[in-house]
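Protein chains in written order, with this note's numbering: chain A, 2 to 369; chain B, 982 to 1225.
Beta carbons are placed, not taken as given, at the ideal position from N, Cα and C, and that holds for glycine.
Below is one structure, written out as structure tokens, with a few remarks after it.
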Amino acid sequence: MKRFIGFVTKEFYHIFRDKRTMFILFGMPIAQIMLFGFAITNEINNVNIAILDQSKDTETQKIINTINASKYFDSMQEISHESEIENVFKKGKVKAVLVFEKDFIKNLETKKQAKVQVITDATDPNIANTITNYVNAILQNYTQQLNQEESTAYFIQTQTQLYYNPELKSVFNFVPGVMTVILMLVSAMMTSISITREKELGTMEVLLVSPLKPFQVIIGKVFPYIFLSIINATVIVLLGYFVFKMPIVGSIFLVAFESILFIVTALSLGILISTIANSQQTAMMISLFALMLPVIILSGFIFPISSMPLPLQIISNVIPAKWFIIIIKAVMLKGATLEVIWKETLILIGMTTFFIALSTKKYKIRLE
Amino acid sequence: MEQSTIISVSNLTKSFGDFTAVNNISFEVAKGEIFGFLGANGAGKTTAMKMLIGISKPSSGEAIVAGYNIDNQSEMVKKNIGYMSQKFSLYDDLTIKENITFFGGIYGLSRKQIKEKTAVLIAELKLEEVENQLVGALPLGWKQKLSFSVALLHEPKIVFLDEPTGGVDPITRRQFWEMIYAQSNKGTTLFVTTHYMDEAEYCDRVSIMVEGKIEALDSPKNLKKQYNAASMNEVFLKLARNIE
């Protein structure tokens, strides 16, 4: 135990004295979450929309004017038939089409209820979602005003329809996503680099000649990164919660447990990389290309897996990050319990075991 | 000096696939001896040494180091040997004191022992003024001497030095060998690999490896007589030529 503490102390000296390491460890998570957070902002301005007014009455005109007056929407293109909707979307400038039903004013007066359909181009799901919310808000305001004037309640029913991406899959994607990327980066890349650094400098040989057993060396090297990764994960969740209002519906303990599991998965990958790579640069390249790119591209963080071609969908299954993102989103956003995500958790555990077994084997071969 | 054997190697072989890096070597090293382990690059001396220090397993043959079998008692072997690698083997981003504390720690020295050792070591190497400086800032010669002293911290019976004086100036090399002599006089066995043939002259006995085999083994004086050479360099060249 005393040896272990000595080893870990030494490891912390390495980390705290290297500016680059410190930056990656602590600057990066905050910078990334802020970038992603503010880049995927909920604010939209001057969005082009089109109107399909099948009623052409005074009420619809009022609503159109209100919408027109807001700073969010711009240049109302009038279209006259449903068949044109597809076309205006395809041209790309128009992001949403408002469809007023026939006899809007009549329905409103007789049935006290009328329908507006909001059709959005959901290729960019965030914008689509925001537009829908804004239109809804404007319509709600409008009905409230109507209801103040009249004694009976009017109700304008908005019906939203999302084109191209009906489930709006990138909502609150970025907090789990950034967390995954950072944990992967810190755990896998930093450990593989710190282990290969010892190899490169020749100190690994000295450690192996010492009475320390190889697995003690590895655990000693990996431990500080577990600790730092946990801090990182906490910072990201807190930033997500307080700065970006990312809800945490599920159990915070489950989030912690799953995060630690994923950290261990990433660490075992880092160890595996360090058994293959002999220099820090190789370790870094392998980490970047074999880990970071798939994590960013194939995990569902940025691009929804369901819209990928089938071969890529199949490949995405071997990427641990995919499962972690599924888990963390389910727990944080939907309040999933372990009973719901046991399958994904089991997959992560299985992967981790596999990586550890493989690196132990590789490590032994090296010693032969 | 008492003449007990501390390293005993018999028919040690290491092959990687078809290539035999170390081919059936046998030799003995006596306690307190300075044993020079020479050979050209690729002759197999590093491979042989790696087996003796327990980080590489022999394909066949056996060796007893400090009383323990390298095959199944490598943990005990490791406790009783010190090692200084060819590459500089301390941490540049740790201070002198931190390096000593770390290496003392992994060899299981108590905090008190480490404190005492550190004080003695720093005084001996006259490093008082720089003890809290990062090792990376020290000149190479000092680093090598410090590295050697750190390898001796746990008072090993044998110290393996893998080309310890590479890239060091002649004066520092001379000082380094003085440290080796001093240690030998204390009864420590020193197992040294080197390229420098003039350094071979400082050893009690030397072995010369050529293509995985030990071609010659004796004191430098006897070797020179045997090969009718004026210097170890000549001995080495003659041996290498015979093989070709």
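Report the neighbours of A/Val48 on chain C: residues whose CB is nearer than 7 Å to its CB, in chain order.
Absent here is chain C; the protein component of the structure consists of chains A and B.
Which residue spans inside the stretch 1171-1202 of chain B form an unbroken beta strand (DSSP E) run of at least 3?
1186-1191 and 1194-1199
Starting from the beta carbon of A/Ser211, find every residue of chain B whose beta carbon is closer than 7 Å, and list them in chain order.
Lys1059, Ile1087 and Tyr1088
Taking Cβ positions only, does B/Lys1068 come closer than 8 Å to chain A?
yes
With 16 other CB atoms within 10 Å as the buried threshold, where does A/Asn1 fall?
As displayed, chain A neither begins before 2 nor continues past 369, which places residue 1 of chain A out of reach and without an answer.
Within 10 Å of its beta-carbon, does A/Glu206 have 16 or more other beta-carbons around it, so buried, or fewer, so exposed?
buried
Residues of its chain near B/Ile1161, where Cβ-Cβ distance is below 6 Å and the 5 sequence neighbours each way are ignored:
Leu1171
Quick one: residues in its chain with C-beta nearer than 8 Å to the C-beta of A/Val256, no 5 flanking neighbours on either side, listed in chain order?
Val238, Ile249, Ile329, Val332 and Met333
At which residues does the alpha helix (DSSP H) containing A/Thr338 begin and terminate?
Premise fails: A/Thr338 is in no alpha helix (DSSP H) and is neither H nor E.
What is the C-beta distance between A/Ser193 and A/Ala278, in whole angstroms, given that I count them as a contact (C-beta under 8 Å)?
7 Å
If we cut at 8 Å on Cβ distances, does A/Thr204 have a partner in chain B?
yes
Measuring straight from C-alpha to C-alpha, what distance separates B/Ser989 and B/Phe1008?
6 Å
Excluding the 5 residues preceding and the 5 following A/Leu26 in the sequence, name in chain order all residues of the same chain whose CB lies nearer than 8 Å to its CB.
Ile16, Val187, Met191, Leu229 and Asn233
Per DSSP, what are the beta-bridge partners of A/Asp54 in this structure?
A/Phe101
Candidates B/Leu993, B/Ile1006 and B/Phe1084: closest to A/Gly7 by CA position:
B/Phe1084
Would DSSP call A/Glu79 helix, strand or coil?
strand
Which residue comes first and which comes last in the beta strand (DSSP E) that contains B/Gly1017?
Ile1015 to Gly1020
Given A/Val136 as reference, the closest of A/Phe325, A/Lys323 and A/Phe101 once Cα atoms are compared
A/Phe101
Since A/Ala51 and A/Ile80 are thought to touch, with beta carbons under 8 Å apart, how far apart are those beta carbons, to the nearest angstrom?
5 Å
How about B/Leu1205 and B/Val1216: are their beta carbons less than 8 Å apart?
In the sequence under discussion, the amino acid at residue 1205 of chain B is Lys, which differs from the Leu named in the question. Closer than 8 Å, so yes.
Going along the chain, which residues of its own chain have a beta-carbon closer than 6 Å to the beta-carbon of B/Lys940, five neighbours each way excluded?
This structure gives no information on residue 940 of chain B, because the portion of chain B shown stretches from 982 to 1225.
Taking A/Lys362 as the query, report the chain B residues whose CB atoms sit under 8 Å from its CB, ordered along the chain.
The contacting residues do not exist; A/Lys362 stays about 15 Å from chain B at best.
Within chain B, partners of A/Phe8 - CB distance below 9 Å
Phe1083, Gly1086 and Ile1087
Nearest-angstrom Cα separation, counted from A/Ala138 out to A/Glu12:
55 Å
Determine, for A/Arg4, whether the minimum Cβ-Cβ distance to residues of chain B falls below 8 Å.
yes
Do you know whose CA, among B/Ile1081, B/Gly1089, B/Gln1114 and B/Tyr1088, lies nearest B/Lys1098's CA?
B/Ile1081
Would the C-beta of A/Ile139 count as close to the ligand MN, meaning under 7 Å from any of its heavy atoms?
Inclusion of the ligand MN in the displayed structure is not the case, the ligand content being empty and no account of it being possible.
What do you get for B/Ile987, buried or exposed, if any count of 16 or more other CB atoms within 10 angstroms of its CB means buried?
buried
What residues in its chain sit with their C-beta under 8 Å from that of B/Ser991, if we drop five residues either side in the sequence?
Ser1007, Gly1042, Glu1043 and Ala1044
Would you be able to state if there are at least three C-beta pairs under 8 Å between the stretch 1147-1158 of chain B and the stretch 994-1008 of chain B?
no
Other residues of its chain near B/Thr1153: CB distance less than 6 Å, five sequence neighbours each side excluded
Gly1122
Is A/Tyr242 helix, strand or coil when you go by DSSP?
helix
Using a Cβ-Cβ distance under 8 Å, would B/Tyr1072 count as near chain A?
yes
For B/Lys1031, I'd like the list of residues in its chain whose CB is within less than 8 Å of its CB, leaving aside the five on either flank, ordered along the chain.
Ser1037
Rank A/Asn47, A/Ser84 and A/Leu339 by C-alpha distance to the C-alpha of A/Asn69 and give the top, closest one.
A/Asn47
Taking the straight line between their C-alpha atoms, what separation do you get for A/Val172 and A/Ile303?
Note that A/Val172 has pLDDT 45, beneath the 50 cutoff, so the model's placement of it is unreliable and the number below is only indicative. Going from the Cα of A/Val172 to the Cα of A/Ile303 covers about 11 Å.
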